[in-house]
Amino acid sequence: MELDEYADKFSSTVTNGFIALEIAIGHKLGLFDSLSKFTSPVTSTELAVSCKLKERYVREWLGCLSAAGFVSIPPDDKYFIPEACKPHTASSSLASVLPYLAANTSSVLECFKEDGPKGYDYSNQLDTLMWLDHDRKSCDGKWINENLFPVGHKETDTISNVLDFGCGPGSLTIKNS
Numbered sequence: 103m104e105l106d107e108y109a110d111k112f113s114s115t116v117t118n119g120f121i122a123l124e125i126a127i128g129h130k131l132g133l134f135d136s137l138s139k140f141t142s143p144v145t146s147t148e149l150a151v152s153c154k155l156k157e158r159y160v161r162e163w164l165g166c167l168s169a170a171g172f173v174s175i176p177p178d179d180k181y182f183i184p185e186a187c188k189p190h191t192a193s194s195s196l197a198s199v200l201p202y203l204a205a206n207t208s209s210v211l212e213c214f215k216e217d218g219p220k221g222y223d224y225s226n227q228l229d230t231l232m233w234l235d236h237d238r239k240s241c242d243g244k245w246i247n248e249n250l251f252p253v254g255h256k257e258t259d260t261i262s263n264v265l266d267f268g269c270g271p272g273s274l275t276i277k278n279s
């Protein structure tokens, strides 16, 4: 990789990390859902009212997502997500784990140290575990059949039990029919 390409990639990754946090905020506050429901462009005030949020912060959020190219602004200073793009905002839930992971950074840093712990305890990480539990719907039967079974076992009709080990609160359940 050339030096310029490396520098650009490094810089854009850091910038995209900030944008991902804004996406997480938008997901947690329902901003994507509300903005996607509008059939025509709206003002920051209209979006704020629909979400019961402060207009100033909604406007700042819209500004960031507009600068990143995820929200469009016509000349009349109203905001919208193009119809064809709306389904893609559903993946914003993945970004919602970033604040939880960021909150654990100091624990992870301690694990790196020679005299640090071998790992860190999730018992104080209820928010992270709840996110993992909430996001388990992304591991539906189709995903599991396409991604896990080919690796571990080819004949799904002979499997009667599955252990969900170390993957959240343990609520992922697979039933064979």
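The numbering of the sequence shown is this note's numbering, which starts it at 103 and goes up by one. All C-beta atoms in this analysis are idealised placements derived from N, C-alpha and C, irrespective of residue type, glycine included.
- For a cut-off of 8 Å, the C-beta gap from leucine 123 to leucine 137 is around 18 Å, too long to register as a contact.
- Contact between the stretch 152-171 and the stretch 192-207 is not established, with fewer than three Cβ pairs separated by less than 8 Å.
- Closest by C-alpha distance to alanine 169, out of Phe120, Leu211, Met103 and Asp110, is Phe120.
- Glycine 218 is classed as exposed because its beta carbon has fewer than 16 other beta carbons within 10 Å across all chains shown.
- Counting the other CB atoms within 10 Å of its CB gives phenylalanine 172 a total of 16 or more, which places it among the buried residues.
- Assigned with DSSP and collapsed to three states, valine 199 falls in coil, not helix or strand.
- Looking at the backbone, the Cα of phenylalanine 214 and that of asparagine 206 are separated by about 13 Å.
- Rounded to the nearest angstrom, the gap between the Cα atoms of threonine 141 and alanine 126 is 23 Å.
- Under DSSP, phenylalanine 182 forms a beta bridge with Ser174.
- Secondary structure note for tyrosine 159: its alpha helix (DSSP H) is the uninterrupted segment 157-169.
- Shown here for histidine 129: same chain residues with a beta carbon closer than 7 Å to its own, the five before and five after excluded, namely Ser194, Ser195, Ala197 and Ser198 in chain order.
- Beta-carbon to beta-carbon, serine 146 and glutamate 157 are separated by about 6 Å, close enough to satisfy the 8 Å threshold.
- Taking C-alpha positions only, leucine 133 is separated from glutamate 104 by approximately 39 Å.
- Taking a 10 Å sphere around the C-beta of valine 210, we find fewer than 16 other C-beta atoms and assign the residue as exposed.
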